[in-house]
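Peer 1:
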Amino acid sequence: TPFVDFTTSIVTLSIDFSAAAMSTVKVVRGARILTAELYGEPREKLVRPPRTVFFKCPERGCGFEHAQWSLVAQHLFHHHGYSQDLIDLEECEQRKTRRNKSWLKKRLATVAATSPIVDEDGNVVEDENQENEVDVKPSPVVLEAMLKLVPRGNGAKDMCTCPLEECAEQVPNRVELIKHARTKHIDHPTASGTFDIRTELFENEDDFRDWKCRLEDEFGMYYSCESTSQANGCKHFFYVCHRSGRVVRRMRMLREARHAERARKAEALDLPLSPPKRRLKVVKSQEYCTAFMRARRDLVGRFHVAYSTSHIGHDQDPAMLPLTPIMKKIIYDRIVAEHGSSSMSLIASRIRDACPDASSRLHYVSMTDVIEVIRMERKRLARVGGEEAANALDIFTHAGRKGRRKMGEELLMRGERHRPPRYCGGVGVRGGGGVRAGRRGMRPDDEQVEEEEMDMDSKEHLLGLRGQRTIK
Numbered sequence: 001t002p003f004v005d006f007t008t009s010i011v012t013l014s015i016d017f018s019a020a021a022m023s024t025v026k027v028v029r030g031a032r033i034l035t036a037e038l039y040g041e042p043r044e045k046l047v048r049p050p051r052t053v054f055f056k057c058p059e060r061g062c063g064f065e066h067a068q069w070s071l072v073a074q075h076l077f078h079h080h081g082y083s084q085d086l087i088d089l090e091e092c093e094q095r096k097t098r099r100n101k102s103w104l105k106k107r108l109a110t111v112a113a114t115s116p117i118v119d120e121d122g123n124v125v126e127d128e129n130q131e132n133e134v135d136v137k138p139s140p141v142v143l144e145a146m147l148k149l150v151p152r153g154n155g156a157k158d159m160c161t162c163p164l165e166e167c168a169e170q171v172p173n174r175v176e177l178i179k180h181a182r183t184k185h186i187d188h189p190t191a192s193g194t195f196d197i198r199t200e201l202f203e204n205e206d207d208f209r210d211w212k213c214r215l216e217d218e219f220g221m222y223y224s225c226e227s228t229s230q231a232n233g234c235k236h237f238f239y240v241c242h243r244s245g246r247v248v249r250r251m252r253m254l255r256e257a258r259h260a261e262r263a264r265k266a267e268a269l270d271l272p273l274s275p276p277k278r279r280l281k282v283v284k285s286q287e288y289c290t291a292f293m294r295a296r297r298d299l300v301g302r303f304h305v306a307y308s309t310s311h312i313g314h315d316q317d318p319a320m321l322p323l324t325p326i327m328k329k330i331i332y333d334r335i336v337a338e339h340g341s342s343s344m345s346l347i348a349s350r351i352r353d354a355c356p357d358a359s360s361r362l363h364y365v366s367m368t369d370v371i372e373v374i375r376m377e378r379k380r381l382a383r384v385g386g387e388e389a390a391n392a393l394d395i396f397t398h399a400g401r402k403g404r405r406k407m408g409e410e411l412l413m414r415g416e417r418h419r420p421p422r423y424c425g426g427v428g429v430r431g432g433g434g435v436r437a438g439r440r441g442m443r444p445d446d447e448q449v450e451e452e453e454m455d456m457d458s459k460e461h462l463l464g465l466r467g468q469r470t471i472k
């Protein structure tokens, strides 16, 4: 009809006009894309880089690795005979080392543990609606490992786990952990104390610190500050037993693997297996302990304290205690008195002989403790400076390589000649050489000083010649 022809002609005209006006625009799936007529040739599509390898087979000598954990899990199951629990634990460990905490949070949110339904006789009733959830939910061992990997900000991390491996029950907080130990593990060989919570009130911070030191000396323990917080003008301090804290599982596995490798080599060569020469002193043996202390400083400055001195899950070894400031002062005085005639090992031996009490930390002083006191004194003198550092003993100043270099730079800046410092016998990390030199009569005298100056003159002359050559 004429009416239809007229409308179709209008539509064709509008389409031609729009195509002419938008000749440089191309419509693809509802989005306008500028073509080459307006901005030249389009950019080439970037090649996606290959996926980096995230997961590796933990078995020694295998070398299998892949970016997808599912293939690594199949490899562990078919080639190494891993069970599903071991595969899940290894997945948690490898994702933790690669900082993949989002995967852990999502999985914990989807596999939250549900309490079983129990009838009046104490029998577990199977629920048909929970069959699908059981297939997705991991085993309790894997769930516990996943909970430990979640950061402390998550509410699940506030749960405390019983340190005994045969129990491993989870409780909400430390108070419930003490009640659990008092009701179920009071007769355990590692349990010490009555598992009760006491309270104290102190007028100021000095009284609180003095009481804390006396309490630690009385019970042979040490409270280390784990966290502090402030709320409503009050400051809260939370102390835990120094033997509790996060235990590095990977380091322990590496030590066990090294020992097993040494055992296999000794068995192949038909040799007796000797114990490792050096054993690392692991202070933190478990994650939780019943000994804790909570202190709150109110607006007036008083300290409200609630504490427990009972332990479970570890032994009371005085050698694991840290050195207190009073003990460090005793070691420092002994070093000052005997630094010219005794070595560090001899100083440590005399300190041990002077303290026969086996329950004291001084009875187990080692050469490493003496070196640590010297190192801390060097740091303190570097902070203080002034007359105290200038008048200090040589054992605490310029005894290290950096100190000697710094002293030489200062003397050269002032135009003076750098003379190597004299070592005191048996002091510093390399003190044994000083002792041997003193016994042989090898102390630097005037003739040796002149020889050293002549050597330095010759070195400076050579450096000057090299500088002239470079200038030419």
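Quick note on full-length UniProt numbering: the sequence shown kicks off at 1 and runs consecutively. Where a beta carbon is used, it is the ideal one built from N, C-alpha and C, also for glycine.
#1: Could you tell me whether the stretch 209–224 touches the stretch 308–317, where touching means 3 or more Cβ pairs closer than 8 Å?
#2: Are there 16 or more other CB atoms within 10 angstroms of the CB of residue 321, so buried, or fewer, so exposed?
#3: Report yes or no: do the stretch 236–246 and the stretch 282–298 share at least 3 C-beta pairs separated by less than 8 Å?
#4: Based on DSSP bridge pairs, tell me the residues matched to residue 74.
#5: Taking DSSP as the reference, what is the three-state secondary structure of residue 235?
#6: Return the chain-ordered ranges of every alpha helix (DSSP H) run that is complete within the stretch 281–365 and spans a minimum of 4 residues.
#7: Which of the three DSSP states, helix, strand or coil, is assigned to residue 93?
#8: Check the C-beta distance from residue 344 over to residue 367 and give it rounded, since I have them as a contact under 8 Å.
#9: Apply the 10 Å Cβ neighbour rule to residue 353 and answer buried if 16 or more other Cβ atoms are within range, or exposed otherwise.
#10: In the stretch 194–219, which residue ranges form an unbroken alpha helix (DSSP H) of at least 4 residues, counting only runs that do not cross its ends?
#11: Give a yes or no on whether the C-beta atoms belonging to residue 67 and residue 77 are separated by under 8 Å.
#12: Is residue 242 helix, strand or coil by DSSP?
#13: Does the Cβ of residue 136 have 16 or more other Cβ atoms within 10 Å, making it buried, or fewer, making it exposed?
#14: I believe residue 208 touches residue 305 by the beta-carbon criterion, under 8 Å. Please report the beta-carbon distance rounded to the nearest angstrom.
#15: So, with DSSP's three-state summary, where would you put residue 47?
#16: Quick check: the stretch 157–166 against the stretch 174–191, are there 3 or more CB pairs under 8 Å?
#17: With C-beta atoms as the reference, is residue 479 less than 8 Å away from residue 355?
#18: Would you list the one or two residues that DSSP bridges to residue 55?
#19: According to DSSP, residue 161 sits in a beta bridge with which residue or residues?
#20: Per DSSP, which one or two residues make a beta bridge with residue 229?
#21: Taking C-alpha atoms, which residue in 324, 201 and 303 lies nearest to residue 213?
#22: Mind reading off the beta-carbon distance from residue 201 to residue 302? Whole number of angstroms is fine, and I expect it under 8 Å.
#23: I need the straight-line Cα distance from residue 203 to residue 89, nearest angstrom please.
#24: Would residue 331 and residue 300 be called neighbours here (beta carbons separated by less than 8 Å)?
#25: Apart from the five residues on each side of it in sequence, which residues of its chain come closer than 8 Å, Cβ to Cβ, to residue 357?
#26: Alpha carbon to alpha carbon, how far is residue 374 from residue 186?
Peer 2: Looking at the atomic coordinates:
#1: Cβ pair count under 8 Å is three or more, so yes.
#2: For the purposes of this step, residue 321 is identified with residue 321 of the sequence shown, where counting begins at 1. For residue 321, the number of other beta carbons within 10 angstroms of its own is at least 16, and it is reported as buried.
#3: Remark: three or more beta-carbon pairs, one from each stretch, lie closer than 8 Å, so the stretch 236–246 and the stretch 282–298 are flagged as touching.
#4: Here residue 74 refers to the residue found at position 74 when the sequence shown is read from its first residue. Paired residue(s): none; residue 74 is not in a bridge.
#5: For the purposes of this step, residue 235 is taken as residue 235 along the sequence shown, with counting starting at 1. For residue 235, the secondary structure class from DSSP, reduced to helix, strand or coil, is strand.
#6: The qualifying runs are 325–338 and 344–354.
#7: Stepping through the sequence shown from its first residue, residue 93 is reached at position 93. Of the three classes helix, strand and coil, the one that applies to residue 93 here is helix, per DSSP.
#8: If you number the sequence shown from 1, residue 344 lands on position 344. If you number the sequence shown from 1, residue 367 lands on position 367. That pair is a contact at about 5 Å.
#9: Residue 353 sits at position 353 when you count from the first residue of the sequence shown. Exposed, because fewer than 16 other Cβ atoms sit within 10 Å of the Cβ of residue 353.
#10: Complete alpha helix (DSSP H) runs here, min 4: 205–219.
#11: Your numbering for residue 67 matches position 67 in the sequence shown. Your numbering for residue 77 matches position 77 in the sequence shown. Cβ distance not < 8 Å, so residue 67 and residue 77 don't count as in contact.
#12: What you label residue 242 is simply residue 242 of the sequence shown in a count that begins at 1. Residue 242: coil per DSSP, three-state reduction.
#13: Translated into positions along the sequence shown, residue 136 becomes position 136. At residue 136, the pLDDT of 44 sits below 50, so the modelled position is not reliable; the number obtained from the coordinates is stated separately. Burial check for residue 136: the Cβ neighbour count within 10 Å stays below 16, so the residue is exposed.
#14: For the purposes of this step, residue 208 is taken as the residue at position 208 of the sequence shown. For the purposes of this step, residue 305 is taken as the residue at position 305 of the sequence shown. Going by Cβ atoms, the distance from residue 208 to residue 305 rounds to 7 Å, so yes, they are a contact pair.
#15: Here residue 47 corresponds to residue number 47 of the sequence shown, with the count starting at 1. Collapsing the DSSP output to three states places residue 47 in coil.
#16: They touch, by the three-pair rule.
#17: Past the edges of the chain, shown from 1 to 472, lies residue 479, and the structure says nothing about it.
#18: Working through the sequence shown from its first residue, we reach residue 55 at position 55. According to the DSSP secondary-structure assignment, residue 55 is paired through a beta bridge with 66.
#19: Against the sequence shown, residue 161 aligns to sequence position 161. For residue 161, which the question treats as bridged, DSSP gives the partners 170.
#20: The residue labelled residue 229 in the question sits at position 229 within the sequence shown. Answer is 236, bridged to residue 229.
#21: Counting from one through the sequence shown, the residue named residue 213 turns up at place 213. Scanning 324, 201 and 303 for the CA closest to the CA of residue 213 turns up 324.
#22: Working through the sequence shown from its first residue, we reach residue 201 at position 201. Working through the sequence shown from its first residue, we reach residue 302 at position 302. At roughly 6 Å, the Cβ-Cβ gap stays under 8 Å, so residue 201 and residue 302 are in contact.
#23: Sequence index remark: in the sequence shown, residue 203 carries index 203 (1-based). Sequence index remark: in the sequence shown, residue 89 carries index 89 (1-based). Cα to Cα, residue 203 sits roughly 50 Å from residue 89.
#24: For the purposes of this step, residue 331 is identified with residue 331 of the sequence shown, where counting begins at 1. For the purposes of this step, residue 300 is identified with residue 300 of the sequence shown, where counting begins at 1. Their beta carbons are not under 8 Å apart, which means residue 331 does not touch residue 300 by this criterion.
#25: One-based indexing of the sequence shown puts residue 357 at position 357. So the qualifying residues of the chain are 363.
#26: On the sequence shown, residue 374 is found 374 positions in, with the first residue counted as 1. On the sequence shown, residue 186 is found 186 positions in, with the first residue counted as 1. So the two alpha carbons sit approximately 44 Å from each other.
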